[in-house]
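The sequence shown lines up with residues 20 to 131 when you count with our numbering. Where is the CB? At the ideal position from N, CA and C, for every residue including glycine. Worksheet: one structure, shown below.
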Amino acid sequence: LDEDDIIIEIVNCDSICHSLIYKRLQKLKNTTNAWHHFFLVNKYNSASVLEFDLFSLWQSTLPLMAPFFINHDEVIKESTAYRNVALNCAPYSVANDDFETLAGWLASKAAL
20 LDEDDIIIEI VNCDSICHSL IYKRLQKLKN TTNAWHHFFL VNKYNSASVL EFDLFSLWQS
80 TLPLMAPFFI NHDEVIKEST AYRNVALNCA PYSVANDDFE TLAGWLASKA AL
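As structure tokens, this is what we get:
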């Protein structure tokens with residue numbers, strides 16, 4: 020990996036990932052790599068109180084947490100089934116907005 024590389028590690032908002040993130044952070048603290056490493060929450064369920072609490076905790080305590088999440092959206096499964104991109108299947112889906120946010124955030128990180 021180059022020092023300009025950005026690593027995105029995908030996690031879910033659950034107790035298993037909670038413990039794995041902290042184990043991973045211990046390993047990352049002991050490395051001397053210059054690349055940027057971030058955790059991104061995938062399949063976020065905004066109706067779940069547990070997921071809301073975990074994401075809030077991670078945002079306030081983890082410096083490597085991406086400041087947004089990818090919502091759980093059925094359009095991803097449907098677009099894959101039709102061998103199409105989500106934008107063509109459901110142009111106004113929440114997932115499309117999330118991926119646009121991800122693209123803009125990555126572009127801003129790459130520009131630094």
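At the C-beta level, Asn-115 and Ile-89 stay beyond 8 Å of one another. The alpha carbon of Glu-28 has as its nearest neighbour, out of Arg-43, Glu-93, Ala-122, Ser-38, the alpha carbon of Arg-43. Looking at the DSSP output, Asn-90 bridges to Tyr-63. Of the residues Ile-35, His-55, Ile-40, Asp-33, the one whose Cα lies closest to the Cα of Glu-22 is His-55.
In this structure, the beta-carbon distance from Asp-92 to Val-113 falls below 8 Å. Here Ile-25 is near Ala-129, since their CB atoms are less than 8 Å apart. The beta-carbon separation of Ala-85 and Phe-58, rounded to 7 Å, stays under the 8 Å limit for a contact. By the criterion of a C-beta distance shorter than 7 Å, Thr-120 is surrounded in its chain by Phe-87, once the five residues flanking it on both sides are discounted.
DSSP, reduced to helix, strand and coil, places Val-30 within a strand of the structure shown.
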